[in-house]
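In the numbering used here, the protein residues as written are 3 to 171. This report concerns only the one structure given below.
Set out below in structure tokens:
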């Protein structure tokens, strides 16, 4: 008994949107590397320890069942944003089948969180309502000189300094 094709569904759903492509690439690469290593070394290991190599696989299956039960939320019938919200709000995986998404409010996703350069200093200020999120209540009128929304005459200060300089999300 193995993960088989299930792992491809899991890695497609478990990562936040802004990191999904990179994380799926790393996960797929590591999956292929370990599959190669297992198939390459299996003949050598079975010649050395014979049938006891099956105990190693049985141990891996039990460890996998433990990881799935205690760390992987149920994602059947849920949107990617709901899955992301379940992990941010620390919904216990064994209770995730009964979890209901909040009605009438925006879901909290990792895309709304502040991430400092180098993936350090993640801040989840009041994650359930994202009260710490910085927003303009009224947008200034669009101008020809500054593009769609001109904030140059306001006291608006961008919170983060992203890859593109003073990027405002």
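Note that the Cβ used here is the ideal one computed from N, Cα and C, for glycine as well.
When the Cα of residue 104 is compared with those of 17, 30 and 80, which residue comes out closest? Counting from 1 along the chain shown, the entry for residue 104 is found at position 102. Nearest neighbour of residue 104 by Cα position, chosen from 17, 30 and 80, turns out to be 80.
The alpha helix (DSSP H) with residue 83 in it runs from where to where? For the purposes of this step, residue 83 is taken as residue 81 along the chain shown, with counting starting at 1. Element bounds for residue 83: 82-90.
Would you mind giving the Cβ-Cβ distance between residue 95 and residue 109, rounded to the nearest angstrom? I have them listed as a contact below 8 Å. Taking the first residue of the chain shown as 1, we reach residue 95 at position 93. Taking the first residue of the chain shown as 1, we reach residue 109 at position 107. So it is not a contact: roughly 18 Å between Cβ atoms.
Does the Cβ-Cβ distance between residue 76 and residue 98 come in under 8 Å? Position 74 of the chain shown holds residue 76. Position 96 of the chain shown holds residue 98. Yes, Cβ-Cβ distance for residue 76 and residue 98 is below 8 Å.
DSSP three-state label for residue 9, please. Here residue 9 corresponds to residue number 7 of the chain shown, with the count starting at 1. Correct three-state label for residue 9: helix.
Using the rule of at least 16 other Cβ atoms within 10 Å of the residue's Cβ for burial, across every protein chain shown, is residue 52 buried or exposed? Translated into positions along the chain shown, residue 52 becomes position 50. Residue 52 is exposed by the Cβ-count criterion.
Where the alpha helix (DSSP H) through residue 45 begins and ends: Position 43 of the chain shown, counted from the start, is the residue given in the question as residue 45. Unbroken alpha helix (DSSP H) run through residue 45: 22-51.
Coil, strand or helix - residue 18 by DSSP: Taking the chain shown and counting its residues from 1, the one referred to as residue 18 is at position 16. Residue 18: coil per DSSP, three-state reduction.
Apply the 10 Å Cβ neighbour rule to residue 35 and answer buried if 16 or more other Cβ atoms are within range, or exposed otherwise. What you label residue 35 is simply residue 33 of the chain shown in a count that begins at 1. Residue 35 is exposed by the Cβ-count criterion.
Simplified DSSP assignment, three categories, for residue 67: As a working mapping, residue 67 is identified with position 65 in the chain shown. Residue 67 falls in the helix class under three-state DSSP.
Quick check: the Cα distance between residue 89 and residue 69, rounded to an integer number of angstroms? For the purposes of this step, residue 89 is identified with residue 87 of the chain shown, where counting begins at 1. For the purposes of this step, residue 69 is identified with residue 67 of the chain shown, where counting begins at 1. So the two alpha carbons sit approximately 15 Å from each other.
Under 8 Å, with one C-beta from each stretch per pair, do the segment 5-13 and the segment 22-38 reach the 3-pair mark? Yes: at least three Cβ pairs fall under 8 Å.
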